[in-house]
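Participant: Residue numbers (mature numbering (1 follows the signal peptide of the UniProt record, and there is no 0)): -15 to -1, 1 to 466.
Just so you know, even glycine gets a beta-carbon here, dropped at the ideal spot from N, CA and C.
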Amino acid sequence: MSSLLLLALLVSVNGFMSITPAFCDTMRFEMIHRHSPELSGRLGAGLQKTRLEQVRELVRLDEQRTQMIYHRIGQRTERRKDAEGGADGQIGAAAWTGKVIGSSGASVPMFSGSFAGEGLYFVPFRVGTPAQNVLLVADTGSDLTWMNCIHGCRNCGRKVDRRRFFNADLSSSFTTIPCLSRMCKNDLAVMFSLTDCPKPLNPCKYDYSYSSGQSAQGFFANESVTVRLTNGRKMKIHHVLVGCTQTTQGQKFSNVVDGILGLGYSPNSFATKVLQVFGSKFSYCLVDHLSPRNVSNYLVFGRNHIVNVNPPEMQYTELMVGKVLPYYAVNVIGISIGGVLLRIPLSVWNLDKNGGTILDSGTSLTLLVEPAYRLVIDALKVALIMYKKAEVPEFEVCIKVDKAFDEGLVPRLGIHFAGGARLLPPVKSYLIDVADGIKCLGFRSVFWPGISVIGNIMQQNFFWELDLRRERVGFAPSSCA
């Protein structure tokens, strides 16, 4: 990253700081565990579920997520081909040039959402002028940031049918994108913009599909977002692309959350926008789903000075940006069990041969295409043969355990990356607790050919750093403290 250089015009008004297009050092989103009291008021009695019910909900959502991933990859490829002269989705290292300024950062809480039966992470978000509070799902597999929205609606309050809305009519910085604009017709095609344009100045509409029965419909706009810097000041980021969602379909979009924070990789995503201000890196450290109350960690844009990581323990491998929009692909080359590399065909990991692997915070379990899944499950099954079997229909291998269970007897799983990096997750990240006294191998099989997914449970208790300029991803064990 470039050396520090004070080039920005800093304007302080009522404690706010606006920054011209240069780089600030760090913006931080705090991540708080699912049992945080700050979220308890948003949960209805019907959402209180047993651990087994929660896990089953995660499996169901993962199945829908898998459909969405495969559908979106194919759909985006076709839409990108059809968009005449539009953005090709390749941002690349060349876009991340410039200087880093200052040494401040920004902070907003982020919550693990598995308490609500969703293996997701939540971010309180402040949008508009004056700022309004919404709660968004942080999703590395989505590039559109949207929230439930009211626009041009008379006699509409902030809450309708127990849902919270962003009231665009109350924001002086809310600006719609015309449907006849080049941005609507070309640049936003990969975000599922619609071609319908009855009048030139009508808002550019979208129908953003997540999976079968799940979608968000609304229109695009530019808006200001307020974040807090680690030096105590607030900062406004202007002209952030947002979606004003007026209709949603699907159980996933419940009254617990107000929308999606798009952290995926594409020219107009929130991640891309803020990295133009804070530099080319963002990082995160996901809390353990079973952590005690109030355990917190951070999603950070810019250089991370916060999460407790020993630098010599950081390992780096290639981040394959722009290959599978909007996802972050990584170059896996193999999986080992107990130090023995399994004989998984190399084509399974090759993006050019209809394989490959992505990191995805919106998927809970780790999904492996059938050739890899079968070898991993069979190898671990042998190691667990000493334990009594348990029957949980959602998983192929489950065992009964007591308080004396020793994780040290379970062979270590390793995910091997190009360049020599190796991820060694704790046993609890792949032999997961699904109920009292029952553990299951936390993998799901997906069709081959296809994409494998390293889900958020496998990523837990590691610090992850994605550097878009250098096109690399780093990771190291961390308590996320």
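By the 10 Å Cβ neighbour count, where 16 or more other Cβ atoms means buried, how is residue 345 classified, buried or exposed?
Facilitator: buried
Participant: Measuring CA to CA, which of 39, 459, 54 and 173 is closest to residue 303?
Facilitator: 459
Participant: Nearest-angstrom Cα distance between residue 442 and residue 234?
Facilitator: 26 Å
Participant: Whose C-beta lies closer than 6 Å to the C-beta of residue 159 among residues of the same chain, with five residues either side of it excluded?
Facilitator: 153, 206 and 208
Participant: If you draw a straight line from the C-alpha of residue 363 to the C-alpha of residue 381, how long is it?
Facilitator: 10 Å
Participant: Which class does residue 359 belong to by DSSP, given the choice of helix, strand or coil?
Facilitator: In the structure shown, residue 359 sits in a helix (DSSP, three-state: H, G or I).
Participant: Would you mind working out which of 177, 188, 155 and 156 sits nearest residue 165, comparing C-alpha positions?
Facilitator: Residue 188 is the option with its Cα nearest to residue 165.
Participant: Less than 6 Å between C-beta atoms, sequence neighbours within five positions excluded: which residues of the same chain meet that for residue 348?
Facilitator: So the list reads 47, 50, 438 and 440, once near-sequence residues are dropped.
Participant: May I ask you to verify whether the segment 384 to 403 touches the segment 305 to 314, counting CB pairs closer than 8 Å and requiring at least 3?
Facilitator: no
Participant: For a minimum of 4 consecutive residues, which ranges assigned as the alpha helix (DSSP H) are wholly contained in the segment 307 to 363?
Facilitator: none
Participant: Give the straight-line distance between the Cα atoms of residue 457 and residue 337, rounded to the nearest whole angstrom.
Facilitator: For residue 457 and residue 337, the distance between alpha carbons rounds to 19 Å.
Participant: Cα-Cα, which of 433, 414 and 452 is closest to residue 462?
Facilitator: 414
Participant: Looking at C-alpha atoms only, which residue of 434, 230 and 118 is the closest neighbour of residue 129?
Facilitator: 230
Participant: Considering only their Cβ atoms, is the gap separating residue 112 from residue 132 smaller than 8 Å?
Facilitator: The Cβ atoms of residue 132 and residue 112 sit closer than 8 Å to each other.
Participant: On the three-state DSSP scale, how would you describe residue 261?
Facilitator: helix
Participant: Find out if the Cβ-Cβ distance for the pair residue 265, residue 257 is shorter than 8 Å.
Facilitator: no
Participant: Between the segment 321 to 331 and the segment 350 to 363, can you find at least three pairs of beta-carbon atoms closer than 8 Å?
Facilitator: The segment 350 to 363 is in contact with the segment 321 to 331.
Participant: Candidates 202, 375 and 163: which alpha carbon is nearest residue 183's?
Facilitator: Answer by Cα proximity: 163.
Participant: Hey, could you find the ends of the alpha helix (DSSP H) residue 443 is sitting in?
Facilitator: Counting along the chain, the alpha helix (DSSP H) containing residue 443 begins and ends at 441 to 444.
Participant: Where does residue 194 sit, in a helix, a strand or coil, going by DSSP?
Facilitator: strand
Participant: Apart from the five residues on each side of it in sequence, which residues of its chain come closer than 6 Å, Cβ to Cβ, to residue 376?
Facilitator: none
Participant: Should residue 221 and residue 204 be called a contact, given that it needs their Cβ atoms to be closer than 8 Å?
Facilitator: Contact annotation: residue 221 and residue 204 have beta-carbon atoms that are not nearer than 8 Å.
Participant: Can you tell me whether residue 297 is buried or exposed, with buried defined as 16 or more other CB within 10 angstroms of its CB?
Facilitator: exposed
Participant: In three-state terms, what does DSSP make of residue 55?
Facilitator: helix
Participant: Indicate the three-state DSSP secondary structure (helix, strand or coil) for residue 36 in the structure shown.
Facilitator: Here residue 36 sits in helix by DSSP.
Participant: Using the Cα positions of residue 389 and residue 267, report the straight-line distance between them to the nearest angstrom.
Facilitator: 40 Å
Participant: Can you tell which of 200, 253 and 212 has the C-alpha that lies nearest to the C-alpha of residue 225?
Facilitator: 253
Participant: I need the straight-line Cα distance from residue 324 to residue 273, nearest angstrom please.
Facilitator: Approximately 25 Å between the Cα atoms of the pair.
Participant: Would you tell me roughly how many angstroms separate the C-alpha atoms of residue 315 and residue 343, rounded to the nearest one?
Facilitator: 6 Å
Participant: Can you tell me whether DSSP reads residue 398 as helix, strand or coil?
Facilitator: strand
Participant: Quick check on this structure: which residue in 397, 39, 453 and 167 has the alpha carbon closest to the alpha carbon of residue 305?
Facilitator: 453
Participant: Kindly give me the distance between the Cβ atoms of residue 54 and residue 127, rounded to whole angstroms, as I take these residues to be in contact under 8 Å.
Facilitator: Not quite, the Cβ-Cβ distance comes to about 11 Å (not below 8 Å), so this is no contact.
Participant: Write down the C-beta distance between residue 385 and residue 373 rounded to the nearest angstrom, noting that I regard them as a contact closer than 8 Å.
Facilitator: Contact flag correct, Cβ pair sits at about 4 Å.
Participant: Counting only the same chain and skipping the five closest in sequence on each side, list residues whose C-beta sits under 6 Å from that of residue 202.
Facilitator: 192 and 232
Participant: Per DSSP, what are the beta-bridge partners of residue 131 in this structure?
Facilitator: 228 and 245
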